[in-house]
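What follows is one structure encoded as structure tokens, with my remarks underneath.
Number of protein chains: 2
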Amino acid sequence: MKHYDFEQERIKREILRLNAKRVLIQLPEGLKPETLHIAKTIERFGALPIVSADPCYGACDLAIVEAERLNVDLLIHYGHAKLLRYERVPTIYVEARATLNVNNAVTEALPMLKNYQKIGLTTSVQHVQTLDEAKEILLHARKVVVIGDAGRLNYPGQVIGCDYSNAKSIAKDVDAFLFVGGGKFHALGVALSTSRPTVVADPYENRAYSIDKEADKIIKQRWASIEEAKRAKNFAVLVGLKPGQIKFEEALDVKKKLEGKEKAACILTTKEITPETLIAFPTIDAYVNTACPRISLDDASRFQKPVLTVNEALVVVGELSWEKLCKEGLFGN
Amino acid sequence: MKHYDFEQERIKREILRLNAKRVLIQLPEGLKPETLHIAKTIERFGALPIVSADPCYGACDLAIVEAERLNVDLLIHYGHAKLLRYERVPTIYVEARATLNVNNAVTEALPMLKNYQKIGLTTSVQHVQTLDEAKEILLHARKVVVIGDAGRLNYPGQVIGCDYSNAKSIAKDVDAFLFVGGGKFHALGVALSTSRPTVVADPYENRAYSIDKEADKIIKQRWASIEEAKRAKNFAVLVGLKPGQIKFEEALDVKKKLEGKEKAACILTTKEITPETLIAFPTIDAYVNTACPRISLDDASRFQKPVLTVNEALVVVGELSWEKLCKEGLFGN
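First to last, the sequence lines map onto chains A and B.
Under our numbering, the first residue of the first sequence is numbered 693, with each subsequent residue one higher.
Under our numbering, the first residue of the second sequence is numbered 693, with each subsequent residue one higher.
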């Protein structure tokens, strides 16, 4: 708990304001170990806490169905910024801002950026409040710093798992990107969506490293998956059921395009796209995933069959070239 | 497809009667390999088929949320008999009756029943139409045959994964049970809920075998799980979200009982109880599962922590004895 701001005072105020008796709590995987602690805090505020145990990787996955089924008065979603425009149940987003200092990690990144002059600065919501400090360090090292704002996300420079519009909007203007934050997940997204060298400044580990080799590996793997899918006969187009991931009309469109190329295709709907779910369909040769593109890009080695993004499926049916996909569209779902 | 009656004429009639444009199809794991075939049939009847890819082990798991989210006109649930009293979307149950002859398998079972005079006859919904034939063979072998009907399920002699009331209602009156059907799942349930010797007559493999050793193994495993849970400090009480599995008040009750014994306890809600879901909670020492009891009984080796049924939790808090649990209550959720 010590690394994050859990905004307990705001939560207490909201519970009292709504006179909330039942509160549903949704935590990303990294915060789930704090479940008992968080539940006990809510209980002290006078409400019954219920924790959603299902995987949660983004605010696209808001637990609306659970909240309605269990008749809760308030849903507290931790770790992500608001994404859906409208929530059917009273909802607060606790962004879980990190309380760590990022200066050391950013300083560690400077040698890796020595060949680049113009640096694009990006981060996850946990660290948006540190961008000014990071910028100062880069300016001090005589870099030009650019922070993108395409207007789609909540904060300038912010990226989320499936949306790199802020990075893409400035990719032409920079030589490399610096991502401030933990883990490889978001930094990989920056590298894949911009094709620019990308360095991670990780304040949890106080170190910096390049993500370019991992990004190259994924690009090669995607090529292999697309080639395998070109030879496939029977397709399933996957429709996710998470509130921010349902893309039914796109799925129908992909199905029609595949059938136009003499492929058989059916629509499969699912709550979670997992290897265990798909293994039940031995007669399907390849999948097109209209839900979260990161499942296709990051988890390929866990699946036995190709699981393409929508844009990758367009390469299979010949509507998009591999080159153009690499340049613009890996996150096109 | 050849082993089951898929009632295509009835499906066609319903689609035309409802003028259904979108149809959601829900299949148990064993029928998912037929997905493309079934989807194409529905398409020929003039509707758009959507197949639910999520695991489905019973009619308790009716895909109502999916049906509503995707705005379908008809839900076709295969492989199980109706369980919920009322469906919020037009629903038909295709029980997928097996077209196999069971005579050989039942005849194979006779030597294993030679020491028993009174035989209780049970089956899954796939084979309820064969009970008369099976009874004839047993009568011919000079057995007394009893078929239970406790009034809770759709057919006399029928069992489902979590309900053995038809078997339990006659357990006192029989020396052993014969289960007609495939696999060990239902037969194990008969053995565990009645503590009577149980033989399977499997018409898919045309062979018969005793299930008693497997049942003994599970009983021993349950004892070990309960003992481990007695030493646990932090509990989570699991609430399933499937329409026929939500037991929120029972979960609250168990939470209170655990807390009364100086255990910490919180409520976790989940769509699927899987090892992957629970592994995200390292600080929880033991779980109480108010959803499907079979997850506790059959999958114990897949979980790293004890996952008790509600009745097993009553043993932990001292409200039920192990002996009484074994006699009456393994399926008490």
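C-beta atoms are modelled at their ideal positions from N, C-alpha and C, and glycine is treated no differently.
Computed from a prediction, not measured in an experiment: that's the story for all the values here.
Closest by CA to Gln-818(B), which one among Val-836(B), Tyr-770(B) and Asp-841(B)? Tyr-770(B)
What's the gap between the Cα of Val-929(A) and the Cα of Thr-1001(A)? 10 angstroms
Check whether the Cβ of Ala-712(B) lies closer than 8 angstroms to any Cβ atom in chain A. no
For Tyr-979(B), count the other beta carbons within 10 Å of its own beta carbon; 16 or more makes it buried, fewer makes it exposed. Which is it? buried
Under 8 angstroms between C-beta atoms of Ile-742(A) and Val-764(A): yes
Can you give me the Cβ contacts of Gly-952(A) inside the same chain, cut-off strictly under 8 angstroms, excluding the 5 residues immediately before and after it? Val-1009
Provide the residue(s) that pair with Val-757(B) in DSSP beta bridges, ordered along the chain. According to DSSP, which records beta bridges pairwise, Val-757(B) is partnered with nothing at all.
Pairwise C-alpha distance: Asp-894(A) and Glu-808(A): Note that residue 808(A) is Tyr in the sequence shown here, rather than Glu. Distance between the alpha carbons of Tyr-808(A) and Asp-894(A) is about 19 angstroms.
Same chain only: Cβ atoms within 6 angstroms of Phe-927(B), ignoring 5 sequence neighbours per side: Leu-950, Lys-955, Ala-957 and Ala-978
Selected residue, minimal CA-CA separation from Asp-867(B), among Ala-900(B), Met-804(B) and His-878(B): Met-804(B)
Spatial neighbours of Leu-740(B) within its chain, please: CB distance less than 6 angstroms, with the 5 preceding and 5 following residues excluded, ordered by chain position. Arg-714
When the Cβ atoms of the region 909-922 of chain A are set against those of the region 830-843 of chain A, are three or more pairs found closer than 8 angstroms? no
Helix, strand or coil: how does DSSP classify Ala-788(A) here? coil
Which of the three DSSP states, helix, strand or coil, is assigned to Asn-793(B)? coil
So, at 7 angstroms on beta carbons, what are the nonlocal neighbours of Leu-802(A) in its own chain, with the 5 sequence-adjacent residues on each side left out? Ala-833
Whole angstroms are fine: how far does the CA of Lys-860(A) sit from the CA of Lys-905(A)? 20 angstroms
Which whole-angstrom value is the C-beta distance of Phe-940(B) and Leu-762(A), which I expect to be below 8 angstroms? 6 angstroms
Note down the Cα distance separating Arg-1029(B) from Ile-811(B), rounded to an integer number of angstroms. Outside the modelled stretch of chain B, which goes from 693 to 1025, sits residue 1029(B), for which no answer is possible.
Quick one: measure Cβ to Cβ for Leu-884(A) and Ile-910(A), integer angstroms, because I've assumed they're closer than 8 angstroms. 6 angstroms
Buried or exposed, going by whether 16 or more other CB atoms sit within 10 Å of the CB of Pro-967(B)? exposed
Can you give me the C-alpha to C-alpha distance between Leu-989(B) and Cys-1018(B), rounded to a whole angstrom? 12 angstroms
Among Ala-755(B), Ile-903(B) and His-772(B), the one whose alpha carbon lies nearest that of Lys-934(B): Ala-755(B)
Rank Lys-947(B), Gly-738(B), Ser-902(B) and Leu-813(B) by C-alpha distance to the C-alpha of Val-891(B) and give the top, closest one. Ser-902(B)
List the residues of chain A whose Cβ lies closer than 8 angstroms to the Cβ of Thr-727(B), in chain order. Ala-928, Cys-958, Leu-960, Phe-973, Thr-975 and Ile-976
Which runs of the beta strand (DSSP E) fall wholly inside the region 915-952 of chain A and span at least 3 residues, in chain order? 926-932
With a cut-off of 8 angstroms on the beta carbons, I'd call Ile-839(B) and Pro-848(B) a contact; round off their distance for me. 5 angstroms
Residues that Asp-990(B) contacts on chain A, provided the C-beta gap is smaller than 9 angstroms: The premise fails here: Asp-990(B) is roughly 16 angstroms from chain A at the closest Cβ pair, so nothing lies under 9 angstroms.
First and last residue of the uninterrupted beta strand (DSSP E) at Val-851(A): It is not in any beta strand (DSSP E) - Val-851(A) carries neither H nor E in the DSSP assignment.
Element boundaries [alpha helix (DSSP H), containing Val-1007(B)]: 1002-1008
Nearest residue (CA-CA) to Glu-787(B), options Leu-723(B), Glu-964(B) and Glu-735(B): Leu-723(B)
Against Arg-761(B), what residues of chain A qualify as contacts under a CB-to-CB distance less than 7 angstroms, listed in chain order? Leu-933 and Ile-938
Quick one: list the residues of chain B neighbouring Val-757(A), beta-carbon separation under 7 angstroms, in chain order. Val-757
Under a CB-based cut-off of 8 angstroms, is Arg-980(B) close to chain A? The residue you asked about is not Arg; residue 980(B) is Val in the sequence shown. False, the Cβ-Cβ gap to chain A never drops below 8 angstroms.
Using a cut-off of 8 angstroms between C-beta atoms, extract the partners of Ile-707(A) located in chain B. Near Ile-707(A) there are no residues of chain B at all, since even the closest Cβ is about 16 angstroms away, more than 8 angstroms.
Alpha-carbon spacing of Gly-1021(B) relative to Asn-1003(B), whole angstroms: 6 angstroms
Between the alpha carbons of Thr-962(A) and Lys-835(A), how many angstroms are there, rounded? 47 angstroms
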